[in-house]
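Chains as they are written, first to last, in the working numbering: chain G, 88 to 179; chain S, 569 to 890.
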Amino acid sequence: MNTPLWEVFVRTRNGLAHKHAGSVHAADATMALQAARDVYTRRGEGLSLWVVPSNAIVASDPADRDMLFEPTGSKIYRHPTFYEVPDEVGHM
Amino acid sequence: MYSQALNTRDTSTDSSPEAIRFQARIDDEQRIEPNDWMPEAYRRTLIRQISQHAHSEIVGMLPEGNWITRAPSLRRKAALLAKVQDEGGHGLYLYSAAETLGVAREDLEDQLLSGRAKYSSIFNYPTLSWADIGTIGWLVDGAAIMNQIPLCRCSYGPYARAMIRVCREESFHQRQGYEIVLTLCRGTTEQKAMAQDALDRWWWPCLMMFGPPDTDSLHSDTSMRWKIKRFSNDGLRQKFVDATVPQGHFLGLTFPDPELRFDETEGHWQFGAIDWDEFRAVLSGNGPCNRERLEARRKAHDDGAWVREAALAHAAKQRKTA
């Protein structure tokens, strides 16, 4: 049996979100955390680690990209620059 | 540490709508991600290149690991240990990137251990003295950095991201190596002779690390079109020589090449002919240490089998009792 694959997420500094760093192989969650520590944080890059079984991640299909994301392209009124505020009002 | 241009020829020209869209994305400098459509040959080329690169990192731990217990001071020992751990880490980043293309790491390891996969020719040379450790950091890692910096912009996202991490860490390797050589060159006559001997043995194999000359390199064209590779072997080799020769002269060392001279008009260091027969012999398994390196990897893999089995058995038992 192959050793399970885990995706590794590292939170680098206070206030930032966990970010995907790569993957490790490990028999269980405890060993996955230890391996992730050794592989992805050898220079104090991390303040916190997440490991997630790779097969637990559900990803969108790149083929569905237009269907999923294109509809927001025309909704420019969702951006602050869509609205006019007179210069005299100053920064808003 | 480094990948070598060992790709095999691929002449497939795919003119399907997907292939045309794929090439357009590449031309537009977009990154290709794991689940995106890609030509089979692109996938195969990347699996081969990334796994060879990973194998090189892992095998590359052996020549340096040889000196950890004999490092001349605690400072040197700590640095060398950290460097060898980095090589292990780099191998793992790269296996992780290769796995996003749909191969299992166990299969890639099997290709290495069975001798079917290639790794960089440079790691089949022995580390005979402490000066070799400095020279490897200075030259081998220096050459690796030249090769790897363009790979940070490789069209395949996971490979490019792994290379960014690798390059960030690799510069410590080169600097610690140069510091070792510098210390030897400022030491006794015997110490300086050690440094010279190491340069004499490593210089030409380092130039071979960039792969065969452009005139006989199969496949560069396809890899360039796919933006897996961005500079030719000869171009990178020249860049390395231009950067390295002045560093060697600063140390007061002599390069083992009577034809080495600075061409004022071209602005480049010209060097003599490389012995490509030696390169081919080492690649085909007949370098000084090929057998020893693979035996060491196989032994480590076999000796670790019970640990892997025990860890899996423990995890299975924990799940059952949970």
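Just so you know, even glycine gets a beta-carbon here, dropped at the ideal spot from N, CA and C.
Predicted model, so just to flag it, every value in this text is computed and none were measured.
To the nearest angstrom, how far is it from the Cα of ALA639 (chain S) to the Cα of GLY633 (chain S)? 10 Å
Tell me whether LEU134 (chain G) sits in a helix, a strand or coil according to DSSP, three-state version. coil
From S:ARG865, S:ARG876 and S:GLY872, residue whose alpha carbon lies closest to that of VAL627 (chain S): S:ARG865
Chain-ordered chain G contacts of ARG673 (chain S) [CB-CB under 7 Å]: HIS112
Taking the C-alpha atoms as reference points, what is the distance between VAL111 (chain G) and ARG743 (chain S)? C-alpha separation (whole angstroms): 29 Å.
Taking all protein chains shown into account, decide if ILE588 (chain S) is buried (16 or more other Cβ within 10 angstroms of its Cβ) or exposed. Burial call: exposed.
May I ask you to report which of helix, strand or coil DSSP gives VAL671 (chain S)? coil
Is the beta carbon of TRP635 (chain S) closer than 8 Å to that of GLY701 (chain S)? In the sequence as presented, Gly is not what sits at residue 701 (chain S); that position holds Ile. Yes, the pair counts as a contact, with Cβ atoms nearer than the cut-off.
Between TYR724 (chain S) and chain G, is there a C-beta pair that is closer than 8 Å? no
Output, in sequence order along the chain, the residues in the stretch 839-864 of chain S whose CB is closer than 9 Å to any CB in chain G. none
For ILE717 (chain S), which residues of its own chain have a beta-carbon under 7 Å away from its beta-carbon, when the five flanking residues on both sides are left out? CYS735
Check whether the stretch 590-599 of chain S and the stretch 686-699 of chain S touch, using three or more Cβ-Cβ pairs below 8 Å as the test. no
Between which two residues does the beta strand (DSSP E) holding TRP837 (chain S) run? 836-838
Could you pull the DSSP bridge partners for ARG564 (chain S) from this structure? Nothing about residue 564 (chain S) can be reported from this structure: the residues present for chain S run from 569 to 890 only.
Does chain B have any CB closer than 8 Å to the CB of ARG129 (chain G)? Chain labels in this structure do not include chain B; the protein chains are G and S.
Counting only the same chain and skipping the five closest in sequence on each side, list residues whose C-beta sits under 6 Å from that of LYS895 (chain S). The shown model of chain S, from 569 to 890, leaves out residue 895 (chain S), and the question about it has no answer.
Look up SER689 (chain S) in the DSSP assignment and say whether it is helix, strand or coil. Helix at SER689 (chain S).
Using a Cβ-Cβ cut-off of 8 Å (strictly less than) and excluding sequence neighbours within five positions of MET762 (chain S), which residues of its own chain qualify? SER697, TRP698, ALA699 and LEU752
Identify the continuous alpha helix (DSSP H) that holds SER763 (chain S) and give its terminal residues. Going by the sequence as given, residue 763 (chain S) is Ala instead of Ser. First-last of the alpha helix (DSSP H) with ALA763 (chain S): 757-776.
Which chain S residues are close to ASP148 (chain G), counting only those with a beta carbon under 8 Å from its beta carbon? ASN603
is_contact[LEU750 (chain S), chain G] using C-beta, thresh 8 Å: no
Answer yes if the stretch 100-110 of chain G comes into contact with the stretch 132-146 of chain G, meaning at least three C-beta pairs across the two stretches below 8 Å, and no otherwise. yes
What first and last residue would you give for the alpha helix (DSSP H) that runs through TRP794 (chain S)? That residue, TRP794 (chain S), is in no alpha helix (DSSP H); it is neither H nor E in DSSP.
Contacts of LEU92 (chain G) in chain S (Cβ-Cβ under 9 Å): SER664, GLU667, ALA672 and ARG673
Helix, strand or coil for TYR127 (chain G)? Go by DSSP, reduced to three states. helix
Do LEU669 (chain S) and ARG733 (chain S) come within 8 Å of each other at the CB atom, strictly closer than that value? no
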